[in-house]
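Colleague:
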Amino acid sequence: MDDVAEFVQQRPRLFAIAYRMLGEASEAEDVLQDAYLRWSGRATVETPAAWLTTVVTNLCINRLTSARARRERYVGPWLPEPVATGNDPEGAVELKDTVSLGFLVLLEKLTPPERAVFVLREAFGYTHRDSAEVLGVDEAHARQLYHRALARIGDARRRFEARPADGTKLVESFIAATVDGDVQGLEAILTEDAAIWADGGGKAIAAREPIFGRGNAAHYLAGLAAGPRALTARLSVVEVNDAPAVLVHEAGELTAVLVPEIHGTTITTIRAILNPDKLAYLRSQLG
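When you line the sequence shown up against full-length UniProt numbering, it's residues 1 to 287, in that order.
Listed below in C-alpha cells is the structure:
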C-alpha cells in the first residue's frame with residue numbers, strides 16, 4: 001500500500017482521536033494535515049497505525065496546552081464544535097458513544113496527558129502499555145494518568161453511556177413547545193435543575209452566562225420564539241454528536257445548533273452553539 005492510501009485508510013480513526021482530544025473539528029483537521037506532512041517525510045516504519053496514532057495524539061497534547069489560554073479569554077461559555085454523526089460517511093466519529101457534547105465538555109476537566117490516556121483507553125480500547133508507548137512514558141505513569149482522569153470525572157461520565165430510545169420524539173416535542181412559546185409545555189419537558197449554555201464566542205448574539213432552573217430556561221426559550229428572527233427561522237432535527245439536535249436555519253443559512261442532553265424522558269441541559277466559526281465544519285458535512 002502506498003503512503004497516500006495508507007494515510008487515507010487510517011484517517012477516520014485519526015480524526016476520531018483528534019476530535020475527542022480537542023473538541024474542535026477544525027483543529028482536528030489541522031492536526032491531520034500536520035500529521036500527513038510528517039508521515040510523507042518520515043523514514044520507513046513497521047507499524048503505520050501506531051506511528052500515526054503517536055504523532056496525532058502528541059500534536060493534540062501540544063495544541064491543548066496552548067488552547068487552554070485561548071479558552072480562558074473566550075467570550076462567554078466555550079462549547080465543543082458540533083459534528084453530524086447520522087450518516088458519518090467518512091467514519092469521522094468512530095465509536096460514537098464517547099462523542100456526545102456533554103462528554104466532550106466533561107473531558108475539559110482533564111489535563112492534556114490525562115485526556116489523551118483516557119480517550120485512548122475509553123474510546124479506542126488501548127491498554128495502559130499501549131497508551132504509555134504513545135505518550136512516551138512508562139506504563140505505571142500511564143496507569144496513574146488514567147486513574148487521575150477517572151477521579152476528576154467521577155461518576156458523571158455514566159450520564160452519557162446510554163442513548164434514550166425516544167430522544168427524537170422528545171426533541172420534536174421540545175421544538176413544538178418552543179415555537180409555540182408554550183412555557184408550561186417546556187416546563188413539562190425540562191428537569192427542575194435544567195440549564196442552558198450558549199456559545200456565541202462574541203460573534204453571535206447569545207447569553208454570556210448560563211441560564212439555570214426550569215422556569216428561567218422555559219421563559220428564555222419562549223422569549224426566543226417571540227423574537228422577530230423566529231418568524232423566518234426553519235427548525236429541523238438531525239443527529240449531531242450521536243444525539244438528536246435542533247438545527248436553526250435563517251434565510252437558508254445554518255445559524256445555530258441546539259443539542260439537548262436527555263435523561264430518561266426529560267431534558268436536563270441544552271447546549272446552543274451559535275458562533276459561526278464553530279458551525280463551519282457542520283455546514284460542510286450537511287452540504
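By construction, the Cβ of each residue, glycine as well, lies at the ideal position given by its N, Cα and C atoms. Everything numeric in this text was worked out from a predicted model, so none of it was measured.
Is ALA194 closer than 9 Å to ALA217 when the C-beta atoms are compared?
Modeller: As a first step, residue 217 must be located in the sequence shown, where it is residue number 217. As a first step, residue 194 must be located in the sequence shown, where it is residue number 194. Yes; because the gap between Cβ atoms is below 9 Å, this pair is in contact.
Colleague: What residues in its chain sit with their C-beta under 8 Å from that of ASP3, if we drop five residues either side in the sequence?
Modeller: In the sequence shown, the residue the question calls residue 3 occupies position 3. Excluding sequence neighbours, ASP3 sits near TRP39, SER40.
Colleague: For the region 167 to 177 against the region 117 to 129, do three or more pairs of beta-carbon atoms, one drawn from each stretch, fall closer than 8 Å, so that the two count as touching?
Modeller: No, the region 167 to 177 does not touch the region 117 to 129.
Colleague: Between which two residues does the alpha helix (DSSP H) holding ILE189 run?
Modeller: Along the sequence shown, read from residue 1 onward, the residue named residue 189 stands at position 189. Segment 183 to 189, the alpha helix (DSSP H) holding ILE189.
Colleague: Opposite ASP166 in the DSSP bridges: which residues?
Modeller: Reading the sequence shown from its first residue, position 166 is the one you call residue 166. Paired residues: none, contrary to the question.
Colleague: Would you list the one or two residues that DSSP bridges to PRO260?
Modeller: On the sequence shown, position 260 is the one that residue 260 refers to. Answer is ILE270, bridged to PRO260.
Colleague: Classify LYS278 as buried or exposed, calling it buried when 16 or more other Cβ atoms lie within 10 Å of its own Cβ.
Modeller: Position 278 of the sequence shown, counted from the first residue, corresponds to residue 278. Buried.
Colleague: Is the distance from the Cβ of ALA207 to the Cβ of ILE189 below 9 Å?
Modeller: Counting from one through the sequence shown, the residue named residue 207 turns up at place 207. Counting from one through the sequence shown, the residue named residue 189 turns up at place 189. Taking 9 Å as the Cβ cut-off, ALA207 and ILE189 do not qualify as a contacting pair.
Colleague: Only counting runs of 4 or more residues, tell me where the alpha helix (DSSP H) segments fall wholly within the region 79 to 155, in order along the chain.
Modeller: For the region 79 to 155, whole alpha helix (DSSP H) runs of length 4 or above, ordered along the chain, are 101 to 107, 112 to 124, 128 to 135, 139 to 153.
Colleague: List the residues that DSSP assigns as beta-bridge partners of TRP197.
Modeller: Numbered from 1 along the sequence shown, position 197 holds the residue referred to as residue 197. TRP197 is bridged to ARG271.
Colleague: Please state whether DSSP places residue 322 in a helix, a strand or coil.
Modeller: Residue numbering for the chain in the displayed model covers 1 to 287; residue 322 lies beyond these limits and cannot be assessed.
Colleague: Per the contact definition of three or more C-beta pairs closer than 8 Å, is the region 55 to 68 in contact with the region 252 to 266?
Modeller: Contact fails: fewer than three Cβ-Cβ distances are below 8 Å.
Colleague: Using the three-state DSSP reduction, which class does ARG20 fall into: helix, strand or coil?
Modeller: On the sequence shown, position 20 is the one that residue 20 refers to. Residue state, collapsed to three classes: helix.
Colleague: How would you label ALA28, buried or exposed, when you count the other beta carbons within 10 angstroms and need 16 or more for buried?
Modeller: As a position in the sequence shown, residue 28 is number 28, starting the count at 1. ALA28 comes out buried.
Colleague: Is ARG234 helix, strand or coil when you go by DSSP?
Modeller: Here the question's residue 234 lines up with position 234 in the sequence shown. Looking at ARG234 - three-state DSSP - the assignment turns out to be strand.
Colleague: Hey, how far is the Cα of residue 288 from the Cα of LEU101?
Modeller: The displayed coordinates of the chain run from 1 to 287. Any statement about residue 288 would go beyond what the structure contains.
Colleague: Residue range of the beta strand (DSSP E) that GLU250 falls in?
Modeller: Here residue 250 is taken as the residue at index 250 of the sequence shown, counted from 1. Looking at the DSSP string, the run of the beta strand (DSSP E) that includes GLU250 is 243 to 250.
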